[in-house]
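Each residue of the sequence shown is one higher than the last, beginning at 590 in this note's numbering.
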Amino acid sequence: MIALAVFGALSVYLALTWRRGNRRGLVLLAPVVITGVWAGLYTALSWLPMLPLWLAPVADTARTVSWALLVLLSLRWMLQREGEPLVRDRLFLVLAGLAVTAIVFSVPPAVHVDLGRVPVSIITLFLLSVVGLLLVENLYRATRGTSRWVFKYLIAAAGTVFAFDLYFYAEVLLFGRLEPFSAMARPIIAAMVAPLLVVTAARVRRWSFDVTISRDAVLHTTALVGSGLYLVLVAGAGYVLRLADASWGPVLQIVILAGAGLVLVMLLMSGRLRARARRYISRNFFTLKYDYRAEWLRFIRTLSGIGEDDHETRNETLQQRAVHALADVVECSGGALFTRGRGGAFVRTANWNWSTIKRLLSLPAPFIELAESRQPVIDLAAPPSADERGRIADARGAIAGWLEQLDGEAWLLVPLVSAEELVGVALLGKPRDRRPLGWEDRDLFEVLGPQVASYLREEVATRRVSETQEFARLNRNFAFVIHDLKNLVSQLSLIVQQAKKHGDNPEFQKDAMETVAESVDKMRAMLVKLKERTDDKTETVAIDLAPVIRSVAVNRRLLMPNLDIGTVEEPLRCDVEPEAFEAILANLIQNAFEAAGEQGRISIDARADGPHMSCRVSDTGPGMSADFIQGGLFQPFRSTKSSGFGIGMYQCRELVEAWGGTLDVRSEPGEGTTVAVRLPLAGHSETPAGPPAADRAAMTTAGT
């Protein structure tokens, strides 16, 4: 029953993975299917006594011949590849003759023919087993090196089947009867060799089976079987002790079982044992050392912070994840990352599970020379190779002292190169299972190293862009502050000029002191904004702008006698930031005064215009051309004034547009300028997106 289930499942699996364009796959598929039918027939004979017994030797013959043909054809293909003389066709004739003889003497009435009370069919099956063993022996002798690695599991499987059949039929020939226990063991032994056929199908590519075996599944199965055998042996030892000593035997049995369970748990949790098991399985069961798809997925998941242990990788920096990902590939217990600093030195930027590496703050020059040798990975413990000469050989000699400082825990040096630039160097600690590096290790690191380097390079570029943006924001704040300071200086200069005429006037003195105090408060507010470096948005509120407009105009008229205050309608409720609106109006009046001069005229008025409020500031200055208004007026750092910075109008328009309004300018050369601030009245505006916080922070401290 066991053999029927095993070979039935194996037949389905091989049938699904067989590429039907290649008939060579039938060589393996046929004996698997026939063995499954053989096991099913024996199961049916045990349940259905009415079936003819002569079916058993016929099934035995078919199974034995199919296995012999599998070994024979494998031997022919192997000899053909090696260029040696092929197996002669007479062997096929021998197999065919023995098979026909066994079948003929298995069916009535020839089944009753015997030689010395032994049926001829049994003698023929015995001879077929002998021929099968001879073929297995020839296949073993013909294979060498890689060929033996490919066929060794087939040799073991077929040898086991033919050897037990030889023993089974020899018993029949010697004692003249079937041994029931041997007959019961045959299907179980056949089921035991089935996994070996799966490995063989995966290794012999010309059979065209797309057989893939999970390495983790093999590892877990090995651990499960090994654990089971271990516990069986321990249980047997405990049982023997119990029989040997009636008084202490049961106690010793319990203690041994508990201790064995503890040892088993510790062994299963051992990273070193797991690493050795992986290496043994990869070397003996698989063509390649690595399952590259699984390794790549695990590497990328760890590097991206979504590895198997999400909590651990999520709390790691990119540099730590890079070391972690590289170390996992070769089962290293720890590692460190050194990246190029601004001064060119390689400084330690990450440490993963390696305490002694803390003694090394920067990577010494010999390590860097080795990293620049353009090898994908360097075994620091290995002797210099024949290709390493000159500086590279000297560097290997120079690192010996540094390795002693690290207690000999450094194993691999992985250069991280991106775009022909050495971005960093990964130093990996001692492995759980030390082994020499092979071509597969070097090829794998040749792919993984540049991948890590590209991640690190992008991270550095992103960080530098962020720093540049931060400096740009700070520089922009300074530019706005300087512009606002210029406005304050202009207002204080006006006080000084007017003091020559009205210094004895107590009312002027009072207004001047209030203006100076207000200017000091605003300069302090500027310093606070710069220190806070905040991007918090200021909420707009619906206020009546008419009192604000009158207040700003009246305060400026004390310093600007040529300022006329026209009609200011009420109410003019708009959603604005009050301090920022006051600063905009003060800036427009200051610009108009500087353009018109003391001899010119300035006027301000405000009124409702449908769903909008319009506040106009006009002057009789020289005016501006249409080209300058369109292309230069609102461009930052462009100004027609020798003392200007060219950012005031840029600030004003950004804020007004953020509130859902517009800033209109009408001017002609020689005819003055009119600037109109149009804002939607409260209840007619849409929620604005808001200007850059840096603009607001600077602008709201500017009005005086």
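We put the CB at the ideal spot given by N, CA and C, even for glycine.
These numbers were taken from a predicted model, which means no experiment stands behind them.
query                                                                                                                                                               : result
Within its chain, find whatever has a CB closer than 8 Å to the CB of Pro1167; leave out the 5 residues flanking it on each side and keep chain order.              : Val1130, Ile1132, Val1137
Return the CA-CA distance between Val844 and Val854, expressed in angstroms with no decimal places.                                                                 : 15 Å
Does the beta-carbon distance from Leu1005 to Ala1042 come in below 7 Å?                                                                                            : yes
Given a threshold of 16 other Cβ atoms within 10 Å of its Cβ, counted over all protein chains shown, does Pro1200 qualify as buried or as exposed?                  : exposed
From the DSSP output, which residues share a beta bridge with Arg1162?                                                                                              : Asp1133
Please report the distance separating the alpha-carbon of Pro784 from that of Met773.                                                                               : 20 Å
When burial is assigned at 16 or more other CB atoms within 10 Å of the CB, is Met1213 buried or exposed?                                                           : buried
Assign Ser951 to one of two classes, buried (16 or more other C-beta atoms within 10 Å of its C-beta) or exposed (fewer than that).                                 : exposed
Quick one: what's got a C-beta closer than 7 Å to Asn1176's C-beta in the same chain, skipping five residues either side?                                           : Asn1076, Gly1237, Cys1241, Ala1291
Just to check my reading of the structure: Leu1016 and Leu1037 have Cβ atoms closer than 8 Å, yes? What is that Cβ distance to the nearest angstrom?                : Going by Cβ atoms, the distance from Leu1016 to Leu1037 rounds to 15 Å, so no, they are not a contact pair.
So what's Ala1015 in DSSP terms, helix, strand or just coil?                                                                                                        : strand
Checking 7 Å against the spacing of the C-beta atoms, do Trp656 and Pro620 come in under that value?                                                                : yes
How many Å lie between Gly1189 and Arg1139 at the Cα?                                                                                                               : 21 Å
Under the assumption that Trp943 contacts Gly930 (Cβ atoms under 8 Å), give the Cβ distance between them as a whole number of angstroms.                            : Their Cβ separation, rounded to whole angstroms, is 20 Å, which puts Trp943 and Gly930 out of contact at 8 Å.
From what residue to what residue does the alpha helix (DSSP H) around Val719 run?                                                                                  : 709-731
Please list, in chain order, all residues of the same chain as Ser922 whose beta carbon is under 8 Å from its beta carbon, the five residues on each side excluded. : Gly860, Ala916, Asn942, Trp943, Gly1018, Lys1019, Pro1020, Arg1021
Just to confirm before moving on: does the CB-CB distance between Thr945 and Leu907 stay below 7 Å?                                                                 : no
Can you tell which of Ala592, Ile623, Leu640 has the C-alpha that lies nearest to the C-alpha of Leu658?                                                            : Ile623
With 16 as the cutoff for other CB atoms within 10 Å, does Trp1248 come out buried or exposed?                                                                      : buried
Helix, strand or coil for Ala954? Go by DSSP, reduced to three states.                                                                                              : helix
Specify, as a first and last residue, the run of the alpha helix (DSSP H) that Ile1191 falls within.                                                                : Taken as a continuous stretch (DSSP letters only), Ile1191 belongs to no alpha helix (DSSP H), being part of the beta strand (DSSP E) at 1191-1198.
Looking at the secondary structure, which residues open and close the beta strand (DSSP E) in which Arg1021 lies?                                                   : Careful: Arg1021 lies outside any beta strand (DSSP E) and carries neither H nor E.
Under DSSP, the alpha helix (DSSP H) around Gly629 begins and ends at which residues?                                                                               : 615-636
Of all the options Thr789, Ser710, Gln669, Tyr756, which has the alpha carbon lying nearest to the alpha carbon of Val616?                                          : Thr789
Within this structure, are the beta carbons of Ala1265 and Ser1192 separated by less than 7 Å?                                                                      : no
Would DSSP call His1273 helix, strand or coil?                                                                                                                      : coil
Suppose you measure from the CA of Leu862 to the CA of Trp1000; what does that come to, to the nearest Å?                                                           : 19 Å
Opposite Ala939 in the DSSP bridges: which residues?                                                                                                                : Leu926
Applying the criterion that 16 or more other CB atoms from any shown protein chain within 10 Å of the CB defines a buried residue, is Thr928 buried or exposed?     : buried
Give the DSSP-derived three-state secondary structure of Thr1294 in the structure shown.                                                                            : The question about residue 1294 has no answer here: the residues shown for the chain are numbered 590 through 1293.
For Leu1222, which of helix, strand or coil comes out of DSSP?                                                                                                      : coil
Does the distance from the CB of Ala780 to the CB of Val595 come in under 7 Å?                                                                                      : yes
I'd like to know whether the C-beta atoms of Ala1181 and Val1206 end up nearer to each other than 7 Å.                                                              : yes
Could you give the DSSP three-state label for Ile1138: helix, strand or coil?                                                                                       : helix
By DSSP, does Thr1262 sit in helix, in strand, or in coil?                                                                                                          : strand
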